[in-house]
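Trainee:
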Amino acid sequence: MRVVFMGTPAFAVPSLEALDDSDHEVVGVVTQPDRPKGRGQTVVSCPVKELALSRGLPVRQPEKIKGPEFLQQLAEWKPDVIAVTAFGRILPKMILDLPPMGCVNVHGSLLPAYRGAAPIQWALIHGDTETGITTMLMDEGMDTGDVLFQQPVSIEPEDTALELSERMALAGGALLVETLTCLAERSVVPRAQDHARATLAPLLKKEDGVIDWTQSATEIANRIRGLSPWPGSYTFHHAHRLIIRKGRVDAQGGPDGGRQRPGTILAVGPKSFWVETGEGRFEVLEVQPENKKRMSVEQFLLGYALRAKETFSPQPRKL
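Have a look at this one:
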């Protein structure tokens, strides 16, 4: 089939690779416009654009996907199907109706669970042990279209959002090719989602990273995994913002010192420190101080003083 691919971040790269390596013909790639990034606001290309150019595929980066020039380009490509993986924009009906085989989306959950922009992160935050990839025929709703195929993916105990995303992206690419092949052969029957069972996975914001130490140690551990690498789970020690990059629930009960207020530093060892939570104690192993790189607690303590009985807070506090 003639395929137009629409995608933007690293998660979409394996989908485009798998399509371009398959028997289907990628006739065009659509991705987001180049944007300034980082402190220097350097304009950078997205991962999908870089891959497409390296493979000699035609690329379009429309500012307005309803613009007549872009719609004319789509029509000239004459796609049988449009494949979408993490494009980053809602497609209007005029695009959804353009290809005769429809628009197929690769979504990072077992729909109808976790509809929305951050399904992988929210699965980790909620402590799930399994998620998966869904391919579906897109409609005008948010991840509400008919399901084509689904593939479960196990969540490992130490998975972060980055690690799980990388595995799921590879699974998504393979499932997309299988889906398009079955569509071409008309050997797949779309099935409607059970909308009553739908759950949401809204876009994450920087403030979602604030650690609530009144939560249980398990909930905090899951949130750290789900928000890694962005926005990161952070707390404040006096006026200093500290991202907690890695830690674990202390199954042994932590240092003996009696019950303390959540957020209290219980003890500081050579390679970790322990914090009281709403239920259980959390051992911190890796951190990232503000404007610095990720480091072990052992490295961090060489230049920063933490003391038992001090407390972390959700907002900066003056000394």
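With the sequence shown counted from 1, adding 1272 to any position gets you our numbering.
Just so you know, even glycine gets a beta-carbon here, dropped at the ideal spot from N, CA and C.
Note that the structure is a prediction, hence the values are computed from the model and not measured.
Go to Ala1539, then tell me how far its alpha helix (DSSP H) extends in each direction, as first and last residue.
Mentor: Per DSSP, Ala1539 belongs to no alpha helix (DSSP H); it is in the beta strand (DSSP E), 1537-1540.
Trainee: In this structure, what does DSSP give as the bridge partners for Trp1546?
Mentor: Ala1539, Glu1555
Trainee: With a CB to CB cut of under 7 Å and the five nearest residues on each side skipped, what residues in its chain are close to Gln1587?
Mentor: The residues are Phe1508.
Trainee: From the DSSP output, in three-state form, read off Gly1290 for me.
Mentor: A small fix is needed here, since residue 1290 is Ala in this sequence, not Gly. Ala1290: helix per DSSP, three-state reduction.
Trainee: Report yes if the C-beta distance between Phe1319 and Val1285 is below 9 Å; otherwise report no.
Mentor: Looking at the sequence itself, residue 1319 is Pro, so the reference to Phe does not match. Yes, they are a contact pair.
Trainee: Anyone know if the C-beta pair for Val1521 and Lys1543 falls short of 9 Å?
Mentor: no
Trainee: DSSP three-state call for Asn1494: helix, strand or coil?
Mentor: helix
Trainee: Mind checking whether Ala1433 and Pro1372 have CB atoms under 9 Å apart?
Mentor: no
Trainee: So, Gly1504 versus Ile1492, is the Cβ gap smaller than 9 Å?
Mentor: No. Outside cutoff.
Trainee: With distances taken from CA atoms, which of Ser1381, Phe1342, Ser1287, Gly1481 is nearest Pro1364?
Mentor: Checked all of Ser1381, Phe1342, Ser1287, Gly1481; the closest Cα to Pro1364 is Phe1342.
Trainee: Is the separation between the beta-carbon of Gly1519 and that of Phe1554 shorter than 9 Å?
Mentor: With contacts defined by Cβ atoms closer than 9 Å, Gly1519 and Phe1554 form a contacting pair.
Trainee: Could you check which residue in Gly1374, Thr1549, Gly1575, Glu1548 has the C-alpha nearest to that of Val1559?
Mentor: Gly1575
Trainee: State yes or no: is the C-beta of Pro1534 within less than 9 Å of the C-beta of Thr1471?
Mentor: no
Trainee: Can you check which of these residues, Ile1496, Pro1330, Thr1357, is closest to Gly1388 by C-alpha distance?
Mentor: Closest by C-alpha distance to Gly1388, out of Ile1496, Pro1330, Thr1357, is Thr1357.
Trainee: Please return the same chain residues whose Cβ sits closer than 7 Å to the Cβ of Arg1327, not counting the five positions on each side in sequence.
Mentor: Asp1292
Trainee: Take Asp1369 as the anchor and find which of Val1378, Ile1354, His1379 has the nearest alpha-carbon.
Mentor: Ile1354
Trainee: Put Met1373 into one of helix, strand or coil per three-state DSSP.
Mentor: coil
Trainee: According to the Cβ coordinates, are Pro1305 and Gln1345 closer than 9 Å?
Mentor: no
Trainee: Would you call the CB atoms of Ala1390 and Pro1474 closer than 9 Å?
Mentor: Between Ala1390 and Pro1474, the C-beta spacing is below 9 Å.
Trainee: Looking at Ile1392 and Ser1459, is the spacing between their C-beta atoms short of 9 Å?
Mentor: no
Trainee: In the DSSP assignment, find the unbroken beta strand (DSSP E) run with Gly1519 in it and report its ends.
Mentor: 1512-1521
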